[in-house]
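> First the structure, then my questions, so here it is.
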Amino acid sequence: MDAISRTLFAVIGSLFLSVLFVQEGHTGTIGVDQRRELQAVEAKVRAAQFLTRATFGPTQPQIDQLASEIEQLGDLGAFAAWIDRQFEVPPSQHHELTRQMILDDGYDLLDSGVRPGAYREYAWWHIALTGEDQLRQRMAWALYQIAPVNTDVPGAFVRRLDASGQPIYLGLSNYYDMLVRNAFGNYRDLLLGITLHPVMGVFLSHAQNPKGAPEIGQFPDENFAREVMQLFSIGLYELRPNGRLEGERQKKPPIETYDNFTIEAMARVFTGLSFAGIPFDSPGRNYHEPMQMFDDYHDTDSKTILSNVVLPANQPGMQDISDTIDTIAQHPNVGPFIARLLIQRFVKSNPTSAYMQSVAEAFVDNGAGVRGDMRAVIKAVLLHPEALNSLEIKADRKTPALLVSATDTESSRLREPILRYTAFLRAFNPGSTHPTGRLLISNVMDEALQTPYRVPSVFSFYDPDYAPAGPAQAYETSKKIPGGRLSAPEFEIMTPNAITAMNSLFYTDIKRGGHDGFYTTAASNESLPYRIALDFTEQQNAADIDELMEQLNILLCRGAMSDAARDAIVPSIQKGVWSKSVRTQAAVLMTVTAPDCVVVQ
Amino acid sequence: MQTKRRKVSQELSRKGISRRDFIRASSGYAALASASLTSSALGLGMVDSAAAAIPTDGYKALVCIFLNGGADSFNLLVPTNDVEYTDYQTARGSLALPKEELLGIGDGADASRSYGLHPGLAEMRGLYESGNLAFVANVGTLVEPIDLAGFFDNQQRPLGLYSHNDQRGHWQSADPRSRNSRTGWVGRMTEIFAASGGSNSSLFANIAVGATTLLQTGSMVSPYVITSLSGVKPMAGYGAAGSGNGLDGVYTAATDQLLAAAYPDLLRKTYADNTAGAIDAAFEYQAATAGVNIETPFPATVIGGALQQVAKAISARAALGQNRQVFFVNMPGWDHHDNLITGMGSLVPQLSQAMQAFYNATAELGVSDRVVSFTASDFGRTLSSNGDGSDHAWGGNQMVMGGAVNGGALYGAYPESLVLGNDLDVGRGRLIPTTSTDEYNAELARWFGILNDDHLEAILPNIRNFYAPDATGYPLGMLG
Numbered sequence: 013m014d015a016i017s018r019t020l021f022a023v024i025g026s027l028f029l030s031v032l033f034v035q036e037g038h039t040g041t042i043g044v045d046q047r048r049e050l051q052a053v054e055a056k057v058r059a060a061q062f063l064t065r066a067t068f069g070p071t072q073p074q075i076d077q078l079a080s081e082i083e084q085l086g087d088l089g090a091f092a093a094w095i096d097r098q099f100e101v102p103p104s105q106h107h108e109l110t111r112q113m114i115l116d117d118g119y120d121l122l123d124s125g126v127r128p129g130a131y132r133e134y135a136w137w138h139i140a141l142t143g144e145d146q147l148r149q150r151m152a153w154a155l156y157q158i159a160p161v162n163t164d165v166p167g168a169f170v171r172r173l174d175a176s177g178q179p180i181y182l183g184l185s186n187y188y189d190m191l192v193r194n195a196f197g198n199y200r201d202l203l204l205g206i207t208l209h210p211v212m213g214v215f216l217s218h219a220q221n222p223k224g225a226p227e228i229g230q231f232p233d234e235n236f237a238r239e240v241m242q243l244f245s246i247g248l249y250e251l252r253p254n255g256r257l258e259g260e261r262q263k264k265p266p267i268e269t270y271d272n273f274t275i276e277a278m279a280r281v282f283t284g285l286s287f288a289g290i291p292f293d294s295p296g297r298n299y300h301e302p303m304q305m306f307d308d309y310h311d312t313d314s315k316t317i318l319s320n321v322v323l324p325a326n327q328p329g330m331q332d333i334s335d336t337i338d339t340i341a342q343h344p345n346v347g348p349f350i351a352r353l354l355i356q357r358f359v360k361s362n363p364t365s366a367y368m369q370s371v372a373e374a375f376v377d378n379g380a381g382v383r384g385d386m387r388a389v390i391k392a393v394l395l396h397p398e399a400l401n402s403l404e405i406k407a408d409r410k411t412p413a414l415l416v417s418a419t420d421t422e423s424s425r426l427r428e429p430i431l432r433y434t435a436f437l438r439a440f441n442p443g444s445t446h447p448t449g450r451l452l453i454s455n456v457m458d459e460a461l462q463t464p465y466r467v468p469s470v471f472s473f474y475d476p477d478y479a480p481a482g483p484a485q486a487y488e489t490s491k492k493i494p495g496g497r498l499s500a501p502e503f504e505i506m507t508p509n510a511i512t513a514m515n516s517l518f519y520t521d522i523k524r525g526g527h528d529g530f531y532t533t534a535a536s537n538e539s540l541p542y543r544i545a546l547d548f549t550e551q552q553n554a555a556d557i558d559e560l561m562e563q564l565n566i567l568l569c570r571g572a573m574s575d576a577a578r579d580a581i582v583p584s585i586q587k588g589v590w591s592k593s594v595r596t597q598a599a600v601l602m603t604v605t606a607p608d609c610v611v612v613q
Numbered sequence: 114m115q116t117k118r119r120k121v122s123q124e125l126s127r128k129g130i131s132r133r134d135f136i137r138a139s140s141g142y143a144a145l146a147s148a149s150l151t152s153s154a155l156g157l158g159m160v161d162s163a164a165a166a167i168p169t170d171g172y173k174a175l176v177c178i179f180l181n182g183g184a185d186s187f188n189l190l191v192p193t194n195d196v197e198y199t200d201y202q203t204a205r206g207s208l209a210l211p212k213e214e215l216l217g218i219g220d221g222a223d224a225s226r227s228y229g230l231h232p233g234l235a236e237m238r239g240l241y242e243s244g245n246l247a248f249v250a251n252v253g254t255l256v257e258p259i260d261l262a263g264f265f266d267n268q269q270r271p272l273g274l275y276s277h278n279d280q281r282g283h284w285q286s287a288d289p290r291s292r293n294s295r296t297g298w299v300g301r302m303t304e305i306f307a308a309s310g311g312s313n314s315s316l317f318a319n320i321a322v323g324a325t326t327l328l329q330t331g332s333m334v335s336p337y338v339i340t341s342l343s344g345v346k347p348m349a350g351y352g353a354a355g356s357g358n359g360l361d362g363v364y365t366a367a368t369d370q371l372l373a374a375a376y377p378d379l380l381r382k383t384y385a386d387n388t389a390g391a392i393d394a395a396f397e398y399q400a401a402t403a404g405v406n407i408e409t410p411f412p413a414t415v416i417g418g419a420l421q422q423v424a425k426a427i428s429a430r431a432a433l434g435q436n437r438q439v440f441f442v443n444m445p446g447w448d449h450h451d452n453l454i455t456g457m458g459s460l461v462p463q464l465s466q467a468m469q470a471f472y473n474a475t476a477e478l479g480v481s482d483r484v485v486s487f488t489a490s491d492f493g494r495t496l497s498s499n500g501d502g503s504d505h506a507w508g509g510n511q512m513v514m515g516g517a518v519n520g521g522a523l524y525g526a527y528p529e530s531l532v533l534g535n536d537l538d539v540g541r542g543r544l545i546p547t548t549s550t551d552e553y554n555a556e557l558a559r560w561f562g563i564l565n566d567d568h569l570e571a572i573l574p575n576i577r578n579f580y581a582p583d584a585t586g587y588p589l590g591m592l593g
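Protein chains in written order, with our numbering: chain A, 13 to 613; chain B, 114 to 593.
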């Protein structure tokens with residue numbers, strides 16, 4: 013189909029649409045040559061939308077593969093099968109890869125030339141961009157944002173061995189691997205893993221936390237006791253299974269899940285933990301093995317903790333911890349609380365009560381009577397009808413064209429800066445000139461305010477309840493959404509400078525045809541250049557600008573670029589560009605920065 | 114609603130604000146978005162237009178230095194009278210600073226008491242003694258004044274006490290009965306200034322270094338966020354206006370069109386508007402600050418760099434079109450559950466040296482009487498130790514610096530005794546504040562130009578629990 017007839021069809025399509033839909037349109041028209049192609053194109057849109065959520069960004073082969081499965085099994089069946097296959101993929105290992113990358117550059121692990129921060133990030137990006145275990149890694153990234161640690165912990169950049177015999181700086185990678193390992197496990201094990209991890213122990217200061225000595229005015233550290241409830245598990249207020257505040261309907265004030273007496277009691281639970289294999293008070297560290305209990309330093313009095321559970325006096329310390337983790341994991345808030353956070357990371361910022369309830373139910377019972385099965389939870393998140401039906405897709409058989417409409421504020425989420433960048437790189441089959449072929453990236457997202465391992469604090473990158481000033485703050489949601497206020501967490505880090513810095517990153521990479529960086533080796537005293545080359549061959553081969561835009565619409569924008577946006581982009585390119593390579597650059601740059609593709613549904 | 118909107122347009126034309134400015138203003142960061150003037154219960158909707166005009170002549174700036182994490186401020190300002198020091202030492206145990214290391218100061222307002230500053234505050238002692246710095250003692254978030262009996266009687270008290278994000282939020286929102294406020298008192302103040310004809314109606318009225326802040330967010334305004342290293346950088350490739358040719362030309366032309374398109378989805382619209390605003394603002398901000406040169410040396414620390422950026426923005430105030438500005442500088446690292454003595458031993462001198470450099474820079478710029486810097490923090494910390502650190506608590510001590518400050522004195526009431534179990538101690542040495550953040554903030558707002566009228570009540574909803582409507586003086590007196 014030539015450009016003129018495409019445009020003509022688009023115009024006819026819009027006219028048709030204005031009759032079809034009452035709603036004022038922000039619809040995108042994807043023209044096809046023949047009616048029988050409609051189904052295949054729709055499958056590609058749905059595949060791209062799903063992969064935008066479940067991976068670090070769709071690639072064309074993955075879209076094509078999943079689309080063909082959708083045509084056979086329907087979207088629900090194809091997605092469920094894809095998730096089941098992902099469950100079986102062996103996990104990529106951050107600690108091991110970081111270590112290997114250092115060795116491959118010729119360094120000894122403790123060499124003074126090793127830059128621990130850079131290598132930690134290199135491994136993170138290489139796995140995000142190339143790992144086969146995409147869903148597991150996406151889940152780990154979501155969990156990291158719920159229960160983060162950061163490079164402020166002492167030792168994060170120290171090139172010495174810890175008591176486990178591993179470099180202490182690799183402890184952060186070890187923490188991340190713990191999240192990766194538990195991503196498809198049970199929530200209770202995950203919470204215990206977080207609690208006992210020595211890096212978390214240092215980050216929230218419950219490592220080497222001795223029992224109090226009230227006679228000299230000394231009390232246990234309360235830091236972890238508070239945040240494990242406030243941020244990692246149950247939140248501040250009692251929730252109904254559908255995520256609404258208890259009492260909201262009766263207009264009663266919310267009920268606090270715990271008070272400071274609970275925190276003081278739970279602080280006594282988290283006493284006596286310290287680094288494995290060395291004495292409690294040792295100045296040494298062990299960042300690689302779970303903390304162990306030193307009962308001499310544990311408070312053995314009885315404790316009344318969350319949910320008024322009483323831990324009897326004189327229990328072994330680990331029994332106290334185990335009982336406490338059980339109590340938290342059993343709290344009715346966990347399902348809806350975790351449901352909301354995960355839906356926000358994977359699908360949309362403002363889940364309805366029905367959506368949260370269905371995820372919370374999967375948390376409570378995976379269908380086989382097991383509570384806290386994260387496989388059931390992520391399936392419920394990704395396969396809920398609200399997730400599957402958030403794009404309005406209509407086949408206009410007359411034209412023929414596919415009409416894709418995404419207009420609903422309450423179905424939207426702003427893509428995280430990191431996920432925008434991973435998706436951009438993955439879309440163009442990145443290859444590396446580093447001798448190992450690995451994709452080395454570090455420090456590129458500093459100004460975009462989102463970098464792996466570098467949350468500013470335990471409160472992560474953004475507040476789940478944040479909304480920017482202006483109309484979004486004033487917007488009143490439909491009754492389906494608890495609380496009535498719109499949330500758009502990612503906007504909290506979308507500062508003016510972060511917006512322009514992110515766009516500058518895209519511009520520079522696109523103009524150069526890849527991402528340029530420097531690395532070092534033990535043999536070389538100076539920085540060596542490498543390039544992550546991006547492959548735009550498919551785009552260069554597009555017959556015309558319309559075909560190019562349609563390729564990119566599916567690949568980078570899950571088919572949801574509106575006609576209005578395309579009409580803003582295409583004429584400018586037609587007017588100002590004569591070479592195919594610049595045409596491709598301009599089209600890619602405009603697509604990755606288009607509001608229709610930065611905000612997703 | 115219609116009336117309100119018309120009023121805004123009239124306001125705009127009266128002040129000669131161009132449509133371009135208005136469009137930018139309504140695009141996310143700035144002052145006068147038309148859609149939501151009445152949307153916030155604390156916003157302009159409640160303010161009676163009959164309120165007296167706000168004086169907006171001359172230049173004034175407030176600089177909030179936020180000690181993020183909850184500074185252990187009873188180790189910044191320590192009582193040194195014999196009995197009081199012994200009580201302090203007993204309560205703090207291993208966290209007590211040796212008396213001989215403290216930098217002694219008197220209290221200009223009460224000769225019977227004496228204090229010592231943390232040894233890292235040498236520069237601040239100099240400013241205190243030259244009358245350019247004051248302390249406000251035991252200030253914290255309150256809904257209304259309460260005592261120990263009232264606290265345990267569950268009188269109205271702030272929600273989420275001792276929790277970082279709640280109390281950090283309450284310092285900034287001035288609404289301690291809410292755990293999810295979306296506007297801060299400075300943001301609301303900015304909107305009142307904008308509606309009263311103050312010049313700070315553009316997006317550079319509030320500037321934050323590093324990250325956005327609740328303090329400076331209103332229902333319509335957000336702070337302009339710069340970085341501590343480079344301020345801001347314009348967007349690469351954009352700006353080749355004119356030809357529309359080549360990658361840069363197409364990028365520029367197509368971006369302008371794309372961002373001007375209509376987006377029914379509010380998040381897309383917000384993203385488009387904010388991007389349009391960000392692109393223009395980066396050029397404007399860079400142009401305004403490019404020629405600025407501050408001679409005063411700043412320490413090469415994060416807080417030093419951040420305050421240097423603030424000094425640059427103050428220097429560029431005319432080019433930025435501002436006569437009232439509020440700045441926010443975040444200094445992380447104060448959550449000393451562990452290693453309190455060594456941790457503060459490193460942070461406190463950084464703070465003191467950076468604040469001194471900033472004061473010197475305001476003197477260099479000739480505005481030391483027109484800039485008031487003040488510290489704030491999540492909360493004070495427990496007087497009792499958890500071994501080698503302290504935990505989250507409530508009231509704490511803060512510093513206010515500037516030529517306009519009636520310095521060399523303490524304001525508020527330093528507790529008579531810090532012994533554990535004293536009549537302010539709700540447990541573990543968590544002290545009920547004796548001065549509310551509302552009084553502290555009202556003092557700053559009044560100096561900035563807000564009168565003691567319904568504007569002040571719109572900015573600080575609980576202020577009348579602490580400060581009478583017919584009071585003529587300032588709540589604390591350090592600035593008035």
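Backbone N, C-alpha and C define an ideal beta-carbon position, used for all residues, glycine too.
As the structure is a prediction and not an experimental result, all values here were calculated from the model.
(1) Using CA atoms only, rank isn't needed, just tell me which of A375(B), P546(B) and T368(B) is closest to A506(B).
(2) With a threshold of 9 angstroms between beta carbons, is Q105(A) in contact with chain B?
(3) Opposite S490(B) in the DSSP bridges: which residues?
(4) Between which two residues does the beta strand (DSSP E) holding Q511(B) run?
(5) Can you give me the C-alpha to C-alpha distance between Y241(B) and Y487(A), rounded to a whole angstrom?
(6) With distance defined between alpha-carbon atoms, name the residue in P291(A), P302(A), L318(A) and V322(A) nearest to D308(A).
(7) When the Cα atoms are used, what is the spatial distance from G156(B) to R295(B)?
(8) Output, in chain order, the set of chain A residues within a Cβ distance shorter than 9 angstroms of V415(B).
(9) Against I563(B), what residues of chain A qualify as contacts under a CB-to-CB distance less than 7 angstroms, listed in chain order?
(10) Does the distance from the CB of M278(A) to the CB of V322(A) come in under 9 angstroms?
(11) According to DSSP, is N162(A) helix, strand or coil?
(12) Rounding to the nearest angstrom, what Cα-Cα distance links T419(A) and P429(A) in this structure?
(13) Check for me: the beta strand (DSSP E) holding A247(B) runs from which residue to which?
(14) Assuming I139(A) contacts S104(A) (C-beta within less than 8 angstroms), just tell me the rounded distance between them.
(15) Does the Cβ of V612(A) have 16 or more other Cβ atoms within 10 Å, making it buried, or fewer, making it exposed?
(16) Whole-angstrom Cβ separation of A287(B) and D538(B), contact assumed at under 8 angstroms?
(17) What residues in its chain sit with their C-beta under 7 angstroms from that of N554(B), if we drop five residues either side in the sequence?
(18) Smallest Cα separation from N515(A): which of P480(A), E250(A) and A598(A)?
(19) Against chain B, with Cβ distances strictly below 9 angstroms, would D420(A) count as a contact?
(20) In chain order, what are the residue ranges of uninterrupted alpha helix (DSSP H) at least 4 long that sit wholly in the region 251-287 of chain A?
(21) Mind checking Q46(A): buried by the 16 CB within 10 Å criterion, or exposed?
(22) Taking 9 angstroms as the CB-CB cut-off, is V256(B) touching chain A?
(23) Looking only at C-alpha atoms, which of G233(B), D185(B), R226(B) and G206(B) sits nearest to P528(B)?
(24) Can you pull the chain C residues whose beta carbon is under 7 angstroms from the beta carbon of Y275(B), in chain order?
Considering the structure as presented:
(1) By 1-based counting over the second sequence, the position of residue 506(B) is 393. Of the listed residues, the one whose Cα sits closest to A506(B) is P546(B).
(2) The count along the first sequence starts at 1 and reaches residue 105(A) at position 93. Interface flag for Q105(A) against chain B is unset, since no Cβ pair is found closer than 9 angstroms.
(3) As a working note, residue 490(B) is residue 377 in the second sequence. Note: S490(B) sits in a beta bridge opposite L180(B).
(4) If you number the second sequence from 1, residue 511(B) lands on position 398. Per DSSP, Q511(B) belongs to the beta strand (DSSP E) from G509 to M514.
(5) Locating residue 241(B) in the second sequence gives position 128, where the first residue counts as 1. Locating residue 487(A) in the first sequence gives position 475, where the first residue counts as 1. A direct Cα-to-Cα measurement between Y241(B) and Y487(A) gives close to 47 angstroms.
(6) For this step, residue 308(A) is matched to residue 296 along the first sequence. Comparing Cα positions, the closest option is P291(A).
(7) Along the second sequence, read from residue 1 onward, the residue named residue 156(B) stands at position 43. Along the second sequence, read from residue 1 onward, the residue named residue 295(B) stands at position 182. Annotation note: pLDDT 35 at G156(B) (below 50); position unreliable, coordinate value reported separately. It is roughly 11 angstroms from the alpha-carbon of G156(B) to the alpha-carbon of R295(B).
(8) Residue mapping note: residue 415(B) aligns to position 302 of the second sequence, counting from 1. Correct list: empty, because the minimum Cβ distance to chain A is about 12 angstroms.
(9) If you number the second sequence from 1, residue 563(B) lands on position 450. Correct list: empty, because the minimum Cβ distance to chain A is about 20 angstroms.
(10) Taking the first residue of the first sequence as 1, we reach residue 278(A) at position 266. Taking the first residue of the first sequence as 1, we reach residue 322(A) at position 310. The answer is no: Cβ separation not under 9 angstroms.
(11) The count along the first sequence starts at 1 and reaches residue 162(A) at position 150. Here DSSP, grouped into helix, strand and coil, assigns N162(A) to strand.
(12) Along the first sequence, one-based indexing puts residue 419(A) at 407. Along the first sequence, one-based indexing puts residue 429(A) at 417. Going by the C-alpha atoms only, they are around 22 angstroms apart.
(13) The residue labelled residue 247(B) in the question sits at position 134 within the second sequence. Here the beta strand (DSSP E) through A247(B) covers L246 to G253.
(14) Here residue 139(A) refers to the residue found at position 127 of the first sequence. Here residue 104(A) refers to the residue found at position 92 of the first sequence. Confirmed, Cβ separation roughly 4 angstroms.
(15) Position 600 of the first sequence holds residue 612(A). When all chains shown are included, V612(A) counts as buried.
(16) One-based indexing of the second sequence puts residue 287(B) at position 174. One-based indexing of the second sequence puts residue 538(B) at position 425. Approximately 25 angstroms separates the beta-carbon atoms of A287(B) and D538(B); this is outside 8 angstroms, ruling out the contact.
(17) Taking the first residue of the second sequence as 1, we reach residue 554(B) at position 441. Counting only Cβ-Cβ distances below 7 angstroms, and skipping sequence neighbours, we find A287, W298 and L573.
(18) As a position in the first sequence, residue 515(A) is number 503, starting the count at 1. The shortest C-alpha separation from N515(A) is found at A598(A).
(19) Residue numbering aside, residue 420(A) sits at position 408 when the first sequence is read from its first letter. Yes - at least one Cβ of chain B is within 9 angstroms of the one on D420(A).
(20) Every alpha helix (DSSP H) stretch that sits fully inside the region 251-287 of chain A and reaches 4 residues is listed by chain position as 272-281.
(21) What you label residue 46(A) is simply residue 34 of the first sequence in a count that begins at 1. Around the beta carbon of Q46(A), fewer than 16 other beta carbons sit within 10 angstroms, so the residue counts as exposed.
(22) Stepping through the second sequence from its first residue, residue 256(B) is reached at position 143. Chain A places no beta carbon closer than 9 angstroms to that of V256(B), leaving this residue out of the contacts.
(23) Within the second sequence, numbered from 1, the residue matching residue 528(B) stands at position 415. Minimum Cα-Cα distance from P528(B) among the listed residues G233(B), D185(B), R226(B) and G206(B) corresponds to R226(B).
(24) In summary, chain C is missing from the structure at hand, where the protein chains are A and B.
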